[in-house]
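Participant: Residue numbers (the numbering used here): 65 to 523.
I have a structure I would like to understand better, so I am pasting it below and will then ask my questions one at a time.
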């Protein structure tokens, strides 16, 4: 069983991720950059597998969905019109002793979990911190500034000359690029309401409280779609997507007992949402958001119509009427979900560590080894099998160290099956296939390996 101690398990998974090439601290040569991470050779395979499965399920396999890839840099007018300049803020508080900066609601909830602080004013938050003598988790002192507003939008300056640079923002959400392109998509495709526009891309948030490995970071990947509908049946469509989101989470092998729905309270909801619910995952450090679904009504398209002066209404080809569509928005944190799959799969059996990833998520499906790296006949045969399997499966080659160490490494990466070419292979053209989860081995004909692995992956 895995260590359930919060910091202990996070430390183990962080170390595993660096050791095996899942995730590295960013800018490490220069001391690192807090809450910014780089995905390594193995981590990018895992993340891309999740992304591709999501795109297939929610976009490619459907007739009512199209995709776009919008810019991450948008004009400041976009964020003013969307309400993010005035409404995309956290309540911030600083420790006067050590300058530790925290979100006021997180500070209170970590010390007094039963305290509900959503919707409280800044003076009310100040009063709770003062009356409960809440201490700084970093230095242990209780000497705080007043709670104040902290913008999550990340400013950038663009232009050639320093004195002539213009203000822009890195996107704090990927939805606005979809709303800005609503008319372009309608005019260039055959979509009819109800339909969705999907996107996968990076977002940036200057959040006060970050950390907990890759759960909350400055830069992160989102998978999201805006589903455009008539207003009268939004509740039915909302529930349909809730059901789809839950089923898709389970299809990834995430344990159902570690998932739950939680609805946002009135004052907790984002300024653009009329109803928001999250699928939360039970981390070792508590329940945290994994996916979210919001009913944004006609907030965005109406605001952009008003502020831009451009008509973003939809002309119904059947009724001939024109209206501003409403929107249901399912959002999936790709970076966050990649981390969740690691927590979900991490398993300790004695001194053995393995990632019990669903095979369709595994970075490599098959590892191929020669039993001995110094035996040319075994190496040549193993290389031949490796290259043939690579045409149909994502495979990895390993001839370092002894066979036990190779198994150990592949267990930590999450590779479901290891193929070993030994001396018997040279006699009868069979190999040993080892199962990651059970450590059981069986002999399989080289000729039947593609069929063998295909059947395993289809289960």
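No residue lacks a Cβ here, since even glycine has one placed at the ideal position from N, Cα and C.
With 16 other CB atoms within 10 Å as the buried threshold, where does residue 68 fall?
Facilitator: In the chain shown, the residue the question calls residue 68 occupies position 4. Confidence in residue 68 is poor, its pLDDT being 47 and thus under 50, which makes the residue's placement unreliable; the coordinate value appears in the next sentence. Residue 68 is exposed by the Cβ-count criterion.
Participant: According to DSSP, is residue 316 helix, strand or coil?
Facilitator: In the chain shown, the residue the question calls residue 316 occupies position 252. Three-state result, residue 316: coil.
Participant: Could you tell me the distance, in whole angstroms, from the CA atom of residue 66 to the CA atom of residue 408?
Facilitator: Residue 66 sits at position 2 when you count from the first residue of the chain shown. Residue 408 sits at position 344 when you count from the first residue of the chain shown. The pLDDT assigned to residue 66 is 48, lower than 50, so where the model puts this residue is not dependable, and the model offers no usable value.
Participant: Does DSSP put residue 217 in a helix, in a strand, or in coil?
Facilitator: Taking the chain shown and counting its residues from 1, the one referred to as residue 217 is at position 153. Coil at residue 217, not helix or strand.
Participant: Return the residue from the list 229, 213, 211 that minimises the CA-CA distance to residue 219.
Facilitator: Reading the chain shown from its first residue, position 155 is the one you call residue 219. Minimum Cα distance to residue 219 is reached at 229.
Participant: Hey, could you find the ends of the alpha helix (DSSP H) residue 399 is sitting in?
Facilitator: For this step, residue 399 is matched to residue 335 along the chain shown. Segment 398-409, the alpha helix (DSSP H) holding residue 399.
Participant: Counting only the same chain and skipping the five closest in sequence on each side, list residues whose C-beta sits under 8 Å from that of residue 236.
Facilitator: Position 172 of the chain shown, counted from the start, is the residue given in the question as residue 236. The residues are 143, 148, 152, 216, 217, 218, 267, 268, 269.
Participant: Can you tell me whether DSSP reads residue 202 as helix, strand or coil?
Facilitator: As a working note, residue 202 is residue 138 in the chain shown. In this structure, residue 202 counts as coil in the three-state DSSP scheme.
Participant: Which of helix, strand or coil does DSSP assign to residue 520?
Facilitator: Taking the first residue of the chain shown as position 1, residue 520 is located at position 456. It is helical.
Participant: By the DSSP assignment, the beta strand (DSSP E) with residue 323 in it spans what residues?
Facilitator: The count along the chain shown starts at 1 and reaches residue 323 at position 259. Looking at the DSSP string, the run of the beta strand (DSSP E) that includes residue 323 is 323-327.
Participant: When burial is assigned at 16 or more other CB atoms within 10 Å of the CB, is residue 464 buried or exposed?
Facilitator: The residue given as residue 464 occupies position 400 in the chain shown. With fewer than 16 Cβ atoms within 10 Å of its Cβ, residue 464 is classed as exposed.
Participant: Might you give, ordered along the chain, the residues of its own chain that have their beta carbon closer than 7 Å to the beta carbon of residue 377, omitting 5 neighbours on each side?
Facilitator: For the purposes of this step, residue 377 is taken as residue 313 along the chain shown, with counting starting at 1. Excluding its 5 nearest sequence neighbours in each direction, residue 377 has C-beta neighbours in its own chain below 7 Å: 386, 387, 388, listed in chain order.
Participant: As a quick exercise: from 297, 322, 283, pick the residue whose alpha carbon is nearest that of residue 351.
Facilitator: Stepping through the chain shown from its first residue, residue 351 is reached at position 287. Among 297, 322, 283, the Cα nearest to that of residue 351 belongs to 322.
Participant: Find out if the Cβ-Cβ distance for the pair residue 435, residue 442 is shorter than 8 Å.
Facilitator: What you label residue 435 is simply residue 371 of the chain shown in a count that begins at 1. What you label residue 442 is simply residue 378 of the chain shown in a count that begins at 1. Contact: yes.
Participant: Whole angstroms is fine: what's the gap from residue 394's alpha carbon to residue 446's?
Facilitator: Taking the first residue of the chain shown as 1, we reach residue 394 at position 330. Taking the first residue of the chain shown as 1, we reach residue 446 at position 382. Straight-line Cα distance between these residues: approximately 45 Å.
Participant: Evaluate residue 299 with the Cβ neighbour count: other Cβ atoms within 10 Å of its Cβ, from every protein chain shown; 16 or more gives buried, anything less gives exposed.
Facilitator: In the chain shown, counting from the first residue as 1, residue 299 sits at position 235. So residue 299 ends up on the exposed side.
Participant: Where do the N-terminal and C-terminal ends of the alpha helix (DSSP H) with residue 453 fall, by residue?
Facilitator: Taking the chain shown and counting its residues from 1, the one referred to as residue 453 is at position 389. Looking at the DSSP string, the run of the alpha helix (DSSP H) that includes residue 453 is 440-454.
Participant: Taking the alpha helix (DSSP H) that residue 371 falls in, what are its first and last residues?
Facilitator: Indexing the chain shown from 1 puts residue 371 at position 307. Residue 371 -> alpha helix (DSSP H) spans 363-372.
Participant: Once DSSP output is grouped into helix, strand and coil, what is the label at residue 358?
Facilitator: Translated into the one-based positions of the chain shown, residue 358 becomes position 294. Three-state result, residue 358: strand.
Participant: Which runs of the alpha helix (DSSP H) spanning at least 4 residues fall entirely within the stretch 97-129, listed in chain order?
Facilitator: 105-119
Participant: So, do the stretch 299-311 and the stretch 355-362 have three or more beta carbon pairs nearer to each other than 8 Å?
Facilitator: yes
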